[in-house]
Amino acid sequence: MLSGVVGVPLGAWLGAALTKRFPRSHPIICGVGLLVSAPMMTLAMLLCEGYFYAPFVLMFFGEVALNLNWAIVADMSLYVVIPPRRSTAEAFQILISHMFGDAGSPYLVGVISEALKLYYSTPSEPASKTAEFRSLQYALFVTCFVEVVGGIFFLITALYIVRDKLKVDRAIAEAEAQNTEPSHSNAQEPLGGD
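Take any residue in the sequence shown, count from 1 to its spot, add 24: that is its number in this note's numbering.
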């Protein structure tokens with residue numbers, strides 16, 4: 025929880041501080057956050073068997089780096105979508121992130137862990153505690169791999185984010201210009217076709 029209390033505001037502050045000078049900073053912060061988090065989380069999981077404090081410290085900083093994304097992702101999804109569709113875009117972003125993250129990932133990790141548990145045990149005897157530990161540990165490495173993939177996609181997004189934001193800004197400006205000009209229906213026309 026403390027990592028979220030530190031990471032989310034830190035991400036929002038970094039995004040606000042850097043975006044004026046570096047317009048591509050939002051996806052870069054997210055990408056770097058994920059790419060920094062992945063090795064820390066991997067190392068924390070590898071060290072948890074032999075060390076007590078090091079995994080907690082690594083997980084804290086890995087989670088801080090991971091939590092840099094929360095405020096920035098919401099901000100990015102809002103400024104690359106035209107205003108009438110922003111609430112729908114934000115709702116889909118939240119739905120998909122929870123569907124594949126919070127709801128889907130425990131199931132996937134469990135399936136991988138159970139498959140590895142079968143691999144590490146024999147049919148005649150159940151899996152040992154060590155086999156159960158290793159199975160879950162290796163299954164959790166999938167989340168680190170997903171972090172790396174996500175970080176790469178955020179860095180690719182940095183190539184397009186400015187152009188996409190400009191398209192939205194242009195569409196908003198055009199819509200506002202059309203709303204200020206009188207439309208045909210508002211024009212005063214004589215009745216009766218004279």
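From the three backbone atoms N, C-alpha and C, an ideal C-beta is built for every residue, glycine too.
Status (buried if at least 16 other CB within 10 Å, exposed otherwise) for residue i
i	result
H50	buried
K153	exposed
E200	exposed
N203	exposed
L190	exposed
E171	buried
S148	exposed
P107	exposed
I118	exposed
V135	exposed
F177	exposed
A68	buried
V105	buried
G55	buried
G57	buried
L82	buried
I53	buried
V29	exposed
Any non-hydrogen atom of the ligand FAD within 7 Å of residue i CB
i	result
S145	Looking at this structure, you won't find the ligand FAD or any other ligand, since it has none at all.
Where residue i sits in the DSSP three-state scheme
i	result
R109	helix
V104	coil
K44	coil
A36	helix
L92	coil
C54	helix
S27	helix
A151	coil
Y143	helix
C168	helix
G74	coil
L132	helix
Nearest candidate by alpha-carbon position, reference residue i, set the options
i	options	result
L70	T181, F169, F165, A182	F165
Y162	V133, A41, F80	V133
L140	L160, S121, P130	L160
V25	F80, A182, T43	One detail in the question is off: residue 25 reads as Met in this sequence, not Val. Nearest option by C-alpha distance: F80.
W94	R194, A151, L38, Y143	L38
V192	S145, Y75, I180, L102	L102
S121	L179, T181, G174	G174
L92	Y131, V60, A151	V60
Residue-chain proximity (residue i, chain C), Cβ-Cβ < 8 Å
i	result
E114	Absent here is chain C; the protein component of the structure consists of one chain.
- the segment 94-101 / the segment 109-119 touching (three or more Cβ pairs under 8 Å): yes
- Between the segment 182-190 and the segment 44-61, do three or more beta carbon pairs fall short of 8 Å? yes
- Would you check if the segment 29-39 and the segment 125-137 touch, i.e. whether three or more CB-CB distances between them fall below 8 Å? no
- Message: Three Cβ pairs or more, each shorter than 8 Å: is that satisfied between the segment 52-66 and the segment 75-90?
- Response: yes
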